[in-house]
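Per full-length UniProt numbering, the very first residue in the sequence shown carries number 1; after that it's consecutive.
No residue lacks a Cβ here, since even glycine has one placed at the ideal position from N, Cα and C.
The model shown is predicted, which means the values in this text are computed figures rather than measured ones.
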Amino acid sequence: MDEKEILIDRPLYMEKIKTFIDKPFVKVIVGIRRSGKSQLLRLIQKEILKKTDSDHIIEMNFEKSEFFDILSYIELADYIEKKIKDKKKYYIFLDEVQEVEGWEKAVNSIRLMNTDIYVTGSNSKLLDTDYSTLLGGRTISFTLYPLSFKEFIQFREECGVEKDPDIEKYIRLGGFPPISMFDFSERDATHIVTDIHNTALLRDVIKRNSVKNPQLMEKIAAFIYDNVGNLVSPLSIANYLKSQGRKGTDPETIVNYMRYLEQGFLIRRAQRYDVKGKRLLETNDKYYLADHSLQYAIRGLRADNIQGILENIVYIELVRRGFNVSVGKFDTKEIDFVAERTDGQRIYIQVCLEFSTKEVYDREFAPLKEIRDNFPKYVVSLDRFAERSDEGVIGIHLRDFLLNDEEL
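Structure (structure tokens):
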């Protein structure tokens, strides 16, 4: 069974995108490589084919050899204009469009015709205000992530791999769609993720930003990956580099390289939030990976950072559900996540492996019990006796938290 022959629905994204089909916006879909952007375009095409003919769909994937000779916006616009034969609406799909220099100029020209345009890219520079301004502000963006646990189950069942996979398998294999579609061993899955990571780092970070020191970029990425769940700053990275014999690294270079990793969708920054002071703090953020399995590409399958892995899974799940997620500070205590939606909904979350001792239990529950507001508070864990309630703080198993999305 070929991966390209498999088309599995992703309703979390499709329901949002359907609203904008035939609306006068350029739909921009971004996310890390191999998260399923091309498959999502095929799902959109499937929806559109319910009401139009296939000869009014123009699809271009700029990582395919047939389009390697289209290097400029002039060539892109010329190619599409020649494909348009009548005045009926045409649906344009441009996959990994950042490979074409000045692509936004071609799109700006084509959108003035009777078209509905969808573009994808693996670098957040597609979302730059310069592009949006050129396109008259008529863009709407969607960020695609690797599979949630619910999607992981769906993919493995529909591909005939296994029924009802357990949460431990999701933790070990991660959420990249190619891995979920086949029965890979952990070793083979890690090999695939390593290739995904290396390609993204090289093409969407190093080459895209003309990075002058790729080895330094790799060291900074490795440090961040190795410290998922820990506070990280340019200073802590500089100290690490110094300990590795790299003295005098320019702080501005470190800041830029961290930003490039974010733009390539390899990492996401979670700022610290003072719950009492109700303000974001400007130092010592945490960084999480687009998928927790990316850490295996650097460290291999090791169990000594299971806390960081669990935090990463919960963090990305919250972002996937539309929350803005910060790391909470309450007096001297830390709250793993303060998650808010634009409608004012807020939840507080602690994440831990298990309640092995009373000290661990108190450490996780006590900070949440001290917060005197009416927003939901959860402690998410892998403890087999996770379900409990203590002064309004709800203990919940990670599997249940990931599957019961309607409650959040």
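| Check | Outcome |
| --- | --- |
| G229 versus Y131: straight-line alpha-carbon distance, rounded | 34 Å |
| Reduced DSSP category for M1 - H, G, I as helix; E, B as strand; rest coil | Summary for M1: the model assigns pLDDT 48, below 50, so the residue's position carries little reliability, and this model does not support an answer. |
| Beta-carbon separation (whole angstroms), V338 vs V275, contact threshold 8 Å | 6 Å |
| As assigned by DSSP and simplified to three states, the class of L147 | coil |
| Pairwise C-alpha distance: F67 and residue 409 | This structure cannot settle anything about residue 409, because the visible part of the chain is limited to 1 through 408. |
| Endpoints, the beta strand (DSSP E) within which E64 is located | The sequence shown places Lys at residue 64, not Glu. Element bounds for K64: n/a, residue is neither H nor E. |
| Helix, strand or coil at D22 according to DSSP, with G and I counted as helix | coil |
| D291 and G174 closer than 8 Å at C-beta | yes |
| G229 beta carbon near the ligand PLP (any heavy atom closer than 7 Å) | Here there are no bound small molecules, and the ligand PLP is not part of this structure. |
| Straight-line Cα distance separating S236 from L216 | 15 Å |
| Three-state secondary structure (DSSP) of V255 | helix |
| Among E15, L294 and E334, nearest to E370 - alpha-carbon criterion | E334 |
| Whole-angstrom distance between E391 and I8, CA atom to CA atom | 42 Å |
| Chain-order list of residues whose beta-carbon lies under 7 Å from that of R10 (same chain, five-residue window excluded) | G36, L40, L43 and E151 |
| Per DSSP, the bridge partner or partners of I349 | F337 and Y378 |
| Environment of L201 [buried if 16+ CB atoms lie within 10 Å] | buried |
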